[in-house]
Ligand SMILES: [Fe+2]
């Protein structure tokens, strides 16, 4: 069976299809030397991908000296301990938490770094991605990391400094999950078949390496030396196909007051009988909705409009 993990080895790997003299797109530069088209058709949201890079590959994005900048503007700073015990902390607590063996996770990093914000906007545009993109950073002392879990988003780890070992499953625990895996082991084990460590693939990430995992993929990480990594997260929540069609349908029907009208009030006690007029109204409305959906299905312009609208109005 063909390996599900690509291990392109930097300059010796496949060449990105960029024409000479044409500046590569933002996503092409991050994925280089793997071709963006191949990434989308074979890996993104499908299977794990490892791309080896030179040590300075991501220096233009982030360097260790930038870690402390703008910590008052990020979404959240968390100290994460073994078994995923974690707490929100203030910037002043970071040094002490690192000393106590915690991994420091910063979410919403793009709010503190205009360059990272610009990169998320560029990639969203370049890939016509309807979900939201954000950056996180992880600072982990040797031995620290994250215990086994899965996330409700594509995790794209860019190793900036130090080395970190990752373990990951080749198949997701849940496809396009709406939530991260439960933190408590008892709840996790009651809901999912939790893989053993030896069943997982393992890779050591060095500076310049990239690991992209589909949403819902089991993973675990441990720093081997003081490790700093960026994580480019692709979040599908609120941007599923159901959301796109529902938003288009809502836009089409919302101006008609008949759709804003509540169902007729029913005297208490008659509820169990299910009044026939309620059933009639619901059937009439479903018929109208069905016709609206069919009109949308048969019109390329309407479908394109729904798609374009989802790109501009989806979750940011
Ligand atoms: Fe994770």
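Numbering (the working numbering), first residue to last: 334 to 649. A virtual CB, placed ideally from N, CA and C, is assigned to each residue, including glycine. All figures in this text were calculated on a predicted structure; none of them were measured in a lab.
Beta-carbon separation of residue 563 and residue 493 under 8 angstroms?
Yes; because the gap between Cβ atoms is below 8 angstroms, this pair is in contact.
Within the segment 341 to 408, ranges of the beta strand (DSSP E) (whole runs, at least 3 residues):
DSSP runs (the beta strand (DSSP E)) wholly in the segment 341 to 408: 382 to 385.
Pairwise C-alpha distance: residue 375 and residue 398:
Looking at the two C-alpha atoms, the distance is approximately 35 angstroms.
Which of the three DSSP states, helix, strand or coil, is assigned to residue 527?
In this structure, residue 527 counts as coil in the three-state DSSP scheme.
Can residue 446 be considered in contact with ligand 1, in the sense that its beta carbon sits closer than 7 angstroms to one or more heavy atoms?
Residue 446: no, Cβ never under 7 angstroms from ligand 1.
Rounded to whole angstroms, what is the Cα-Cα separation between residue 358 and residue 560?
Distance between the alpha carbons of residue 358 and residue 560 is about 28 angstroms.
With residue 439 as the anchor, note down where its beta strand (DSSP E) starts and where it stops.
That run of the beta strand (DSSP E) goes 436 to 440.
Classify residue 393: buried if its beta carbon has 16 or more other beta carbons within 10 angstroms, exposed otherwise.
Counting of Cβ neighbours within 10 angstroms places residue 393 among the exposed residues, the total staying below 16.
Residues of its chain near residue 413, where Cβ-Cβ distance is below 7 angstroms and the 5 sequence neighbours each way are ignored
Excluding sequence neighbours, residue 413 sits near 419, 435, 436, 438, 479.
What residues are listed by DSSP as bridge partners for residue 568?
Beta-bridge partners of residue 568 (DSSP): 465.
Does DSSP put residue 645 in a helix, in a strand, or in coil?
Helix.
Among residues of its own chain, excluding the 5 on either side of residue 408, which ones have a beta-carbon nearer than 7 angstroms to its beta-carbon?
The beta carbon of residue 408 is closer than 7 angstroms to those of 440, 441, 444 in its chain, skipping five residues each way along the sequence.
Evaluate contact between the segment 569 to 580 and the segment 635 to 648, counting only Cβ atoms and requiring at least three cross-stretch pairs below 8 angstroms.
In short, these stretches touch, since the Cβ pair count reaches three.
Let me check you understand the geometry: is the CB of residue 569 closer than 7 angstroms to at least one non-hydrogen atom of ligand 1?
Not one heavy atom of ligand 1 is found less than 7 angstroms from the C-beta of residue 569.
For the pair the segment 503 to 520 and the segment 466 to 478, tell me if three or more CB-CB distances fall below 8 angstroms.
The segment 503 to 520, when compared against the segment 466 to 478, does not touch it at the 8 angstroms Cβ threshold.
Let me check you understand the geometry: is the CB of residue 552 closer than 7 angstroms to at least one non-hydrogen atom of ligand 2?
For the structure depicted, ligand 2 is absent and the ligand set comprises only ligand 1.
Classify residue 593 as buried or exposed, calling it buried when 16 or more other Cβ atoms lie within 10 Å of its own Cβ.
Label assigned to residue 593: exposed.
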